[in-house]
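Colleague: To start, I am sharing the structure in question, which I have written as structure tokens.
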Amino acid sequence: MQAYPAGDPQYYSQTNYAQPQAAYYAQFNPYPSYHPQNGTAPFPAYPGAPYDSPGQYPTPAPMRRKLSQGRSASSAPTIQTTPSRSGTPAGPLKSAMKKQLDRAASMGTVPLARRTTNESRQRANSLTRPRSRTGSIPAFVPDHIFVSIYSAGDLRIDNVAYQSTLDDLRELVLPMWPHGIEYEDSRGDNWRRRPGKLVFTETVPDPDVRIFATMFDPSKLRLTLLDAPRELVEDFASSLRPMFPRKVMSYGANEDGVHVIEVKREGFRSRESERNLFNACMLRFFNSAGYKLDGSIPLGRKDPMFWGSRKEAWIFRSMPMRRPESRQKQ
Numbered sequence: 018m019q020a021y022p023a024g025d026p027q028y029y030s031q032t033n034y035a036q037p038q039a040a041y042y043a044q045f046n047p048y049p050s051y052h053p054q055n056g057t058a059p060f061p062a063y064p065g066a067p068y069d070s071p072g073q074y075p076t077p078a079p080m081r082r083k084l085s086q087g088r089s090a091s092s093a094p095t096i097q098t099t100p101s102r103s104g105t106p107a108g109p110l111k112s113a114m115k116k117q118l119d120r121a122a123s124m125g126t127v128p129l130a131r132r133t134t135n136e137s138r139q140r141a142n143s144l145t146r147p148r149s150r151t152g153s154i155p156a157f158v159p160d161h162i163f164v165s166i167y168s169a170g171d172l173r174i175d176n177v178a179y180q181s182t183l184d185d186l187r188e189l190v191l192p193m194w195p196h197g198i199e200y201e202d203s204r205g206d207n208w209r210r211r212p213g214k215l216v217f218t219e220t221v222p223d224p225d226v227r228i229f230a231t232m233f234d235p236s237k238l239r240l241t242l243l244d245a246p247r248e249l250v251e252d253f254a255s256s257l258r259p260m261f262p263r264k265v266m267s268y269g270a271n272e273d274g275v276h277v278i279e280v281k282r283e284g285f286r287s288r289e290s291e292r293n294l295f296n297a298c299m300l301r302f303f304n305s306a307g308y309k310l311d312g313s314i315p316l317g318r319k320d321p322m323f324w325g326s327r328k329e330a331w332i333f334r335s336m337p338m339r340r341p342e343s344r345q346k347q
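In our numbering, the protein residues as written are 18 to 347.
The following block contains the structure:
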């Protein structure tokens, strides 16, 4: 028997399958039998439905999938082994990849080097470096250096602004020790030398000079002057106000002739840059007024537990006044 599905006039051959044979199923009562009670009739048992063999239906043909207008047949996921014709670049062949790897290996790695400036060029020090200031106050360049004797064989010079000054110190100071130098260090604006022994000279005292002493407390930025002229102290306090605006306090002399000049600090302790600036301003002013630093005396710590910084007493001596040439000839 041949069948044609509706809407498709094509012919499909029928496959002969083994027809299922009618099987016999034993009939059983789904409910167990029980004795009727009080004359009631038992539940009727109906025979099971006979097994009907399935009818023979024609096998439908496989449906063809229609393609949409915006999709082409080449967009199906396929494994591409040859160059594509749709415009998409295909992966390089193994032979081409092998040539590129061989070429890269033969060329080698190119060393990368960074161009730097001339290392032999001397850098400016932090004290001589130009700084921008908003006001009319010019940048301060110190005229003095600080010489400290830490022990019997340790000499330290601070506040060195120029490299030429350090070179001059090496030429003038080092020959003073014929036994040589044990230790030498130069970092920033500091120069430290440790010779075998120190050199002192003895001179004849001059009774015509005027001498006064100062003591500086670095932790509080406080300067104490003993036997200094009153006009000199007032002029020095006025010269500090441009460098430390609204921070300078001056106290008059007491009955012992002691003057006190103090600079308000920011925080609990003063900074090293502020201490160096204060000392440099003091040395410049006293030098212009006709006094020079003649020596220093190290003092002990005020605290009984030996805490805090060590203090020093600086001795200033008046320089002899030069007489006019007309009086010198007389």
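Using N, Cα and C, we set each Cβ at its ideal position, and we do this for glycine too.
1) According to DSSP, is T220 part of a helix, a strand, or is it coil?
2) Can you give the Cα-Cα distance for F302 and L191, rounded to whole angstroms?
3) Nearest CA to the CA of R334: which residue from F253, V277, C298, P222?
4) Note down the Cα distance separating A141 from S305, rounded to an integer number of angstroms.
5) Note down the Cα distance separating L300 from H161, rounded to an integer number of angstroms.
6) Please state whether the Cβ-Cβ distance between T241 and F233 is less than 9 Å.
7) Let me know if L189 comes out buried or exposed under the rule of 16 or more other beta-carbons within 10 Å of its beta-carbon.
8) Contact defined as beta carbons within less than 8 Å: I believe E291 pairs with L257. What is the distance between those atoms, to the nearest angstrom?
9) Would you report the Cα separation of T145 and E289, rounded to the nearest angstrom?
10) Find the nearest neighbour of A178 within the set I314, P337, A297, D311, judged by alpha-carbon distance.
11) On the criterion of 16 or more Cβ atoms from any shown chain inside 10 Å, does L294 qualify as buried, or is it exposed?
12) Which one of F163, K281, P235 has the shortest CA to CA distance from G312?
13) Please determine, among R227, R263, P315, L243, the residue with the shortest C-alpha to C-alpha distance to A270.
14) In this structure, what does DSSP give as the bridge partners for E248?
Modeller: Looking at the atomic coordinates:
1) coil
2) 30 Å
3) P222
4) Any reading at A141 needs caution, since the residue's pLDDT is 41, under 50, leaving its predicted position unreliable; the model's value is listed next. In a straight line, the C-alpha of A141 is about 27 Å away from that of S305.
5) 7 Å
6) yes
7) exposed
8) Not really, about 11 Å apart at Cβ, beyond 8 Å.
9) Reliability fails at T145, whose pLDDT of 49 lies under 50, so the model's placement of it is uncertain and no value is given.
10) A297
11) buried
12) F163
13) L243
14) Answer by DSSP bridge pairing: none, since E248 is not bridged.
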